[in-house]
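S.K.: Protein chains in written order, with my numbering: chain A, 2 to 147; chain B, 2 to 147. Glycine is no exception: its CB is placed at the ideal position from the N, C-alpha and C atoms.
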DNA sequence: TAATTTGTAACTATAATGGTTACAAATATG
DNA sequence: CATATTTGTAACCATTATAGTTACAAATTA
């Protein structure tokens with residue numbers, strides 16, 4: 002069985018978009034990014050707007066406008082990109098345990114601290130990669146298979 | 002913003018149920034477990050059936066039947082419990098990147114390996130806890146606040 | 001035989017997600 | 001200034017995953 006606990010593609014889209022920007026000197030339009038990512042420009046705008054809040058990208062309206070990196074690719078860690086998605090919990094405590102049960106009444110806090118620990122390890126791993134790393138690996142593949 | 006990448010409570014439910022079994026000598030019915038977890042017996046049966054496939058629990062039909070642990074609590078690591086959910090991917094690669102683009106055509110594999118790395122760290126963290134640990138912490142809370 | 005309990009299929013309600021349309025606001029160009 | 005370009009954002013829809021629920025068959029015990 003394959004369970005998709007997470008059909009959320011926003012993180013992958015974010016990294017893809019940033020990698021694309023890192024590979025291009027000029028700003029790219031939502032349209033152009035959407036074409037590479039394989040989605041709709043509005044989806045890109047939504048995603049990029051979150052990244053802009055963390056000063057990872059900048060936008061400019063109008064002719065010759067578009068999106069560009071606000072920092073060098075090697076200064077953009079994937080954990081920060083991940084955090085642009087908001088307060089994500091990859092593991093979720095269940096909703097309504099029975100407060101009258103000694104287990105049910107006390108397990109939520111215990112689970113939450115375990116889940117926090119696990120997620121922190123996940124984020125630590127993501128922090129080990131930058132957009133520059135991703136671009137390098139992508140280009141390596143592109144040249145290797147060209 | 003709070004994004005629930007994951008509204009899946011099955012893992013929390015699994016750990017809760019196992020902790021409950023660890024705290025009780027006799028088998029517990031789906032009904033009893035459901036009452037502590039705060040859900041429906043059928044949800045419990047579904048969850049427990051997955052755990053049974055990994056020989057973490059056993060079931061018995063009929064009067065005085067129910068669910069029991071197939072192993073000592075300290076021999077049940079949370080990573081294994083997590084794996085009972087199936088092939089879970091906490092980070093998902095996006096669907097349709099543009100194959101004609103050098104970035105779009107090569108990023109999926111790169112992302113997947115990063116995601117695999119991150120998830121492996123998450124699972125490693127989970128492997129550091131056993132059902133016995135959870136029970137101990139829950140009972141500590143229960144006594145502390147009693 | 002009757003009561004208990006799991007096994008499982010089928011259906012529903014809810015919610016998250018991504019895709020899409022529509023249009024306002026900002027900007028550049030001629 | 002007028003026009004084309006491009007982002008900003010609200011609104012809505014289709015799809016999907018999830019959990020909850022009902023219903024009933026199968027197994028087990030007494």
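1. Could you name each continuous alpha helix (DSSP H) segment of 4 residues or more that falls completely within the stretch 82 to 146 of chain A, going from the start of the chain to the end?
2. For chain A, is any of its Cβ atoms less than 8 Å away from the one on residue 2 of chain B?
3. Are the C-beta of residue 75 of chain A and some C-beta of chain B separated by less than 8 Å?
4. Closer than 7 Å by beta-carbon distance: list the chain A residues that pair up with residue 175 of chain B, in chain order.
5. Mind the definition here: the stretch 124 to 140 of chain B touches the stretch 18 to 32 of chain A only if three or more C-beta pairs lie below 8 Å; say whether that holds.
6. Which residues of chain B have a Cβ atom closer than 9 Å to the Cβ of residue 135 of chain A, listed in chain order?
7. My assumption, with CB atoms under 8 Å, is that residue 17 of chain B sits in contact with residue 44 of chain B. Please give the rounded CB distance.
8. Pick from B:123, B:143, B:99, B:124: whose alpha carbon is nearest that of residue 150 of chain A?
9. For a quick check, are the C-beta atoms of residue 123 of chain B and residue 91 of chain B less than 8 Å apart?
10. Once the 5 residues before and after residue 94 of chain B are set aside, which same chain residues still bring their CB inside 8 Å of it?
11. Name the residues in the stretch 15 to 42 of chain A whose C-beta lies less than 8 Å from a C-beta of chain B; which are they?
12. Express the C-alpha separation of residue 97 of chain B and residue 31 of chain B in angstroms, rounding to a whole number.
13. Going by C-alpha to C-alpha distance, which of B:136, B:78, B:101, B:85 sits closest to residue 143 of chain A?
14. Quick check on DSSP: helix, strand or coil for residue 69 of chain B?
15. With a threshold of 8 Å between beta carbons, is residue 56 of chain B in contact with chain A?
16. For chain A, is any of its Cβ atoms less than 8 Å away from the one on residue 45 of chain B?
17. When the Cα of residue 76 of chain A is compared with those of A:107, A:66, A:19, A:106, which residue comes out closest?
18. Measuring straight from C-alpha to C-alpha, what distance separates residue 89 of chain B and residue 64 of chain A?
19. Which value, in whole angstroms, describes the spacing of the CA atoms of residue 13 of chain B and residue 52 of chain A?
M.R.: The relevant details are as follows:
1. 108 to 128, 132 to 145
2. On the second chain, position 1 is the one that residue 2 of chain B refers to. Its pLDDT being 49, under 50, residue 2 of chain B is placed unreliably by the model, and the measurement read from it follows with that caveat. With 8 Å as the cut-off, residue 2 of chain B counts as an interface residue toward chain A.
3. For this step, residue 75 of chain A is matched to residue 74 along the first chain. Answer no: the Cβ-Cβ gap between residue 75 of chain A and chain B never drops below 8 Å.
4. Nothing can be reported for residue 175 of chain B, as the shown portion of chain B is limited to 2 through 147.
5. no
6. The residue labelled residue 135 of chain A in the question sits at position 134 within the first chain. Chain B residues near residue 135 of chain A: 108, 111, 112, 115.
7. Mapped onto the second chain, residue 17 of chain B falls at position 16. Mapped onto the second chain, residue 44 of chain B falls at position 43. 12 Å between Cβ atoms; not a contact.
8. In this structure chain A extends from 2 to 147, so residue 150 of chain A is not present and cannot be described.
9. On the second chain, position 122 is the one that residue 123 of chain B refers to. On the second chain, position 90 is the one that residue 91 of chain B refers to. Contact flag set, yes.
10. Looking up residue 94 of chain B in the second chain gives position 93. Around residue 94 of chain B: 109, 112, 113, 116.
11. 16, 17, 20, 21, 24, 36, 37, 38, 39, 40
12. Against the second chain, residue 31 of chain B aligns to sequence position 30. Against the second chain, residue 97 of chain B aligns to sequence position 96. When rounded, the distance between both Cα atoms is 42 Å.
13. Looking up residue 143 of chain A in the first chain gives position 142. Out of B:136, B:78, B:101, B:85, B:101 has the C-alpha closest to the C-alpha of residue 143 of chain A.
14. Taking the second chain and counting its residues from 1, one reaches residue 69 of chain B at position 68. Strand.
15. Sequence index remark: in the second chain, residue 56 of chain B carries index 55 (1-based). Judged by the 8 Å Cβ criterion, residue 56 of chain B is not in contact with chain A.
16. Numbered from its first residue, the second chain carries residue 45 of chain B at position 44. Not one chain A Cβ lies under 8 Å of residue 45 of chain B.
17. Residue numbering aside, residue 76 of chain A sits at position 75 when the first chain is read from its first letter. For residue 76 of chain A, the closest of A:107, A:66, A:19, A:106 by C-alpha to C-alpha distance is A:19.
18. Taking the second chain and counting its residues from 1, the one referred to as residue 89 of chain B is at position 88. Taking the first chain and counting its residues from 1, the one referred to as residue 64 of chain A is at position 63. Straight-line measurement puts the Cα of residue 64 of chain A at about 44 Å from the Cα of residue 89 of chain B.
19. Sequence index remark: in the second chain, residue 13 of chain B carries index 12 (1-based). Sequence index remark: in the first chain, residue 52 of chain A carries index 51 (1-based). Roughly 31 Å between the two C-alpha positions.
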